[in-house]
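Numbering (this note's numbering), first residue to last: -2 to 317. We put the beta carbon where it would ideally sit given N, CA and C, even for glycine. Everything on this sheet refers to the single structure shown next.
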Amino acid sequence: MRAVVHDRYGPPEVLRLAEVDRPTPTEGEVLVRIYASTVTRGDAMGVRSAEYRFTRLFTGIRRPRQTHFGTEFAGRVEEAGEAVTELRAGDDVFGIKGGANAEYVLVEESGVIAPKPAELTYEEAAAVPDGSLLALTCLRPAYPLQGRSVLVYGAAGSVGTAAVQLLAHHFEAEVTAVCNTKEVELVRSLGARDVLDRLREDFTENGKTYDVIFDAVGKHSFRRCRSSLKPGGIYVSMDLGFMYQVPLLALITRFGGSRRATLGIGRYRKEDLVLVRELVETGKYRPVIDRSYELDEVVEAVRYVESGQKTGNVVLRVRE
Ligand SMILES: NC(=O)c1ccc[n+]([C@@H]2O[C@H](COP(=O)([O-])OP(=O)(O)OC[C@H]3O[C@@H](n4cnc5c(N)ncnc54)[C@H](OP(=O)(O)O)[C@@H]3O)[C@@H](O)[C@H]2O)c1
């Protein structure tokens, strides 16, 4: 089968499409034939280039331990292990599994996999899990969210477009979104009550305050957002910040001051995937896709993701 692999850390060009053995499922696993996958920001900046050197403690010091690339998939179960009970061959599924930029992937039935929402194409379904599951877990420190005012900064990215929809339609929060001029109408259509064009207006200077500021791209700072938080409010960042300041601020503000900062720690959980699937089925969630590439155009796709300018998600077509 064809799979995107990388034997070393480095620029997008370290990725190559290789012919590798097709895996065989063990008892509790399913073999998924992948129809569509994506390139996520985590794939591009995290796993392949090891942007933060300390992450190599987990991914391999000198070389990547996991050489197969990609995270999100949508496809069809080709084969199911003997102990698999809920899924069977022929089922359409979607989810998260390392090595998903490939024609096949093995997934534990208990892993982050669920039946694909019937109303989505494979390409659309592949673009659902990463942003939505990261947004759900990273927003958790700010719970409860119902009825609260939440500002989402970087609202047009993968996590941002997911956060706006989850906050507006699932948590029933009052969402203010901040994005680029060209994305204002898109972000409004996702459910944001107010949309601020970050190129025309600095939200930290308009005098309005929020219960939660969710920095979905980790490009702002607690210092500048502080005066836009209500007393008792919280700033949640997706990124460690300049000089790893966010974890430090999280520690300091936990014990003093009326406004907190915290680092959102993303996790992929099966129960969250099932929840988002229900939201898709009830019309409360839809994936935003910027561009689609063929599997063999993965280097180009990664370069685009690394530009930091994508809107929503970048899909890889694996099979017609
Ligand atoms: N904490 C965790 O566990 C975890 C896990 C995975 C990923 N992450 C991080 O999560 C972040 C979001 O990921 P993602 O996939 O959503 O990113 P993404 O889709 O690549 O974000 C792209 C968006 O970022 C916006 N942007 C770029 N530069 C900006 C700036 N200076 N100010 C405001 N917005 C800017 C762009 O909007 P404009 O059009 O407005 O420029 C674009 O729409 C990344 O930083 C990633 O490293 C965190």
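Please state whether the Cβ-Cβ distance between residue i and residue j is less than 8 Å.
| i | j | result |
| --- | --- | --- |
| Leu28 | Leu292 | no |
| Leu163 | Thr178 | no |
| Val149 | Val181 | no |
| Ala388 | Val233 | Since the first and last residues shown for the chain are -2 and 317, residue 388 lies out of range. |
| Ala41 | Glu303 | yes |
| Arg30 | Tyr119 | no |
| Thr21 | Val311 | no |
| Arg266 | Pro114 | no |
| Glu121 | Pro284 | yes |
| Val175 | Leu193 | yes |
| Ser146 | Gly25 | no |
| Leu136 | Phe211 | yes |
| Thr99 | Arg38 | Looking at the sequence itself, residue 99 is Ala, so the reference to Thr does not match. Result no, Cβ atoms of Ala99 and Arg38 do not sit closer than 8 Å. |
| Val1 | Phe66 | yes |
Pop quiz: residue i and residue j are said to be a contact at Cβ under 8 Å. What is the actual Cβ separation, rounded to whole angstroms?
| i | j | result |
| --- | --- | --- |
| Gly92 | Ala111 | 6 Å |
| Ser225 | Thr250 | About 15 Å separates the two Cβ atoms, so there is no contact after all. |
| Val104 | Gly128 | Val104 to Gly128, Cβ: 19 Å. No contact. |
| Glu278 | Glu116 | 7 Å |
| Gly78 | Thr23 | 6 Å |
Take residue i and list the residues in its own chain whose beta-carbon comes closer than 7 Å to its own, dropping the five residues that flank it on each side.
| i | result |
| --- | --- |
| His167 | Leu276, Lys281 |
| Pro244 | Leu237, Leu260 |
| Glu297 | Tyr290 |
| Ala247 | Ala258, Thr259, Leu260 |
| Phe70 | Val29, Ile31, Ser34, Phe91, Gly92, Lys94, Ala97, Val102, Ala123 |
| Asp89 | Arg73, Pro112, Lys113 |
| Val161 | Val149, Ala152, Val172, Ala174, Val184, Leu187, Gly188, Ala189 |
| Arg223 | Arg256 |
| Tyr301 | Arg288, Lys307, Val311 |
| Thr68 | Thr37, Gly39, Asp40, Ile93, Gly95, Ala97, Asp127 |
| Arg19 | Met(-2), Tyr101 |
| Glu16 | Arg(-1) |
Looking only at its chain, what residues have a beta carbon closer than 6 Å to the beta carbon of residue i, apart from the 5 residues adjacent to it on each side?
| i | result |
| --- | --- |
| Val214 | Gly151, Gly154 |
| Arg264 | Thr134 |
| Leu142 | Phe168, Ala170 |
| Lys307 | Asp287 |
| Gly230 | Asp208, Arg256 |
| Val299 | Pro9, Val36, Ala41 |
| Arg316 | Tyr32 |
| Phe219 | Tyr232, Leu246, Ala258 |
| Asp269 | Leu130, Leu133 |
| Val109 | Gly92, Ile93, Tyr265, Lys267, Leu270 |
Relative to ligand 2, is the shortest distance from any of its heavy atoms to the C-beta of residue i smaller than 7 Å?
| i | result |
| --- | --- |
| Glu69 | Of the ligands this structure carries, namely ligand 1, none is ligand 2. |
Please go through the same chain and pick out, in chain order, the residues whose beta-carbon is closer than 8 Å to the beta-carbon of residue i, but skip the five residues on each side of it.
| i | result |
| --- | --- |
| Asp4 | Val11, Arg60, Pro61, Thr64 |
| Pro228 | Ser255, Arg256 |
| Ala165 | Val172, Leu187, Gly188, Ala189, Arg190 |
| Val271 | Ala111 |
| Gly309 | Ala124, Gly128, Ala153, Gly154, Ser155, Thr158, Pro284, Val285, Ile286, Asp287 |
| Arg221 | Thr201 |
| Lys216 | Tyr150, Gly151, Asp236 |
| Gly144 | Glu169, Ala170, Glu171 |
| Arg85 | Val74, Ala77 |
Any C-beta of chain E sitting closer than 8 Å to the C-beta of residue i?
| i | result |
| --- | --- |
| Ala160 | The structure shown contains no chain E; it holds only a single protein chain. |
Which ranges does the alpha helix (DSSP H) cover as unbroken runs of at least 4 residues, wholly within the stretch 182 to 251, from first to last along the chain?
Complete alpha helix (DSSP H) runs here, min 4: 219 to 222.
Within the stretch 244 to 306, note down every full alpha helix (DSSP H) run reaching 4 residues or more, in order along the chain.
DSSP runs (the alpha helix (DSSP H)) wholly in the stretch 244 to 306: 267 to 278, 295 to 303.
What are the uninterrupted segments assigned as beta strand (DSSP E) that are 3 or more residues long and contained completely in the stretch 3 to 42, given in chain order?
Correct list: 13 to 16, 26 to 36.
List in chain order: all unbroken alpha helix (DSSP H) runs of 4+ residues lying wholly within the stretch 129 to 189.
DSSP runs (the alpha helix (DSSP H)) wholly in the stretch 129 to 189: 155 to 162, 181 to 186.
Give, in chain order, every unbroken run of the alpha helix (DSSP H) that is at least 4 residues long and sits entirely within the stretch 46 to 112.
Restricted to the stretch 46 to 112, the alpha helix (DSSP H) segments that are unbroken, complete and at least 4 residues in length are 53 to 56, listed in chain order.
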